[in-house]
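Take a look at the structure set out below.
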Amino acid sequence: MGHITLTIAGRSHQVGCRDGEEPKLRALGAMLERHAPAVQHAAGGSSERTLLYIALILADQLAEREAGPAPDGTSEMLERIADRLEAVASALERTDPSA
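Structural data, given as structure tokens:
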């Protein structure tokens, strides 16, 4: 089992992870750290409140993505997939099961 140290908002945190997951966790930690300077002042220097505000910012971004419109090209791709599935279903219906 791997261990890494993430520094977020000026505090170091030991994190355990599976071997090989270290790069992903470092990237996630960097994502959190990018928001830290903007919220540290609003949090009044409290590291717990800073982490809470960072979590709220990320949760808000996630909620906006989930509620927002599908990325460009998604509906066309889904139409093509549906057309292919209908073609496969039609071909299966035409296939003689006794053959």
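For the sequence shown, the positions run 1 to 99 when full-length UniProt numbering is used. Ideal Cβ positions, reconstructed from N, Cα and C, are used throughout, including at glycine.
**OP:** Report, in whole angstroms, the separation of the C-beta atoms of ILE54 and ALA36, which I expect to be a contact under 8 Å.
**Re:** Stepping through the sequence shown from its first residue, residue 54 is reached at position 54. Stepping through the sequence shown from its first residue, residue 36 is reached at position 36. Correct: roughly 6 Å between the Cβ atoms.
**OP:** Let me know if THR50 comes out buried or exposed under the rule of 16 or more other beta-carbons within 10 Å of its beta-carbon.
**Re:** For the purposes of this step, residue 50 is taken as the residue at position 50 of the sequence shown. It counts as buried.
Subject >> Collapsed DSSP secondary structure at GLY44 in the structure displayed >> reply: Taking the first residue of the sequence shown as position 1, residue 44 is located at position 44. GLY44: coil per DSSP, three-state reduction.
Subject >> Contacts around GLY20, its chain only, beta-carbon distance under 8 Å, and the 5 residues preceding and following it disregarded >> reply: Taking the sequence shown and counting its residues from 1, the one referred to as residue 20 is at position 20. Excluding residues within five positions, the ones whose Cβ falls inside 8 Å are GLY2.
Subject >> Contact under 8 Å by Cβ, GLU33 with ILE8 >> reply: Position 33 of the sequence shown, counted from the first residue, corresponds to residue 33. Position 8 of the sequence shown, counted from the first residue, corresponds to residue 8. Contact: yes.
Subject >> Cα-Cα separation, GLY45 to GLY68 >> reply: For the purposes of this step, residue 45 is taken as the residue at position 45 of the sequence shown. For the purposes of this step, residue 68 is taken as the residue at position 68 of the sequence shown. Approximately 33 Å between the Cα atoms of the pair.
Subject >> For HIS13, the nearest candidate out of LEU78, ALA38, ALA59, GLU48 (CA to CA) >> reply: Translated into positions along the sequence shown, residue 13 becomes position 13. Checking every option, the nearest Cα to that of HIS13 belongs to GLU48.
Original post:
Tell me which same chain residues have a C-beta within less than 7 Å of the C-beta of GLU22, skipping the five on either side of it?
Top reply: Reading the sequence shown from its first residue, position 22 is the one you call residue 22. Its chain contains GLY2, ILE4 as the residues whose beta carbon lies nearer than 7 Å to that of GLU22, once the 5 sequence neighbours on both sides are disregarded; these appear in chain order.
Original post:
First and last residue of the beta strand (DSSP E) that includes ARG11?
Top reply: Along the sequence shown, one-based indexing puts residue 11 at 11. Run containing ARG11: 11-17, per the beta strand (DSSP E) assignment.
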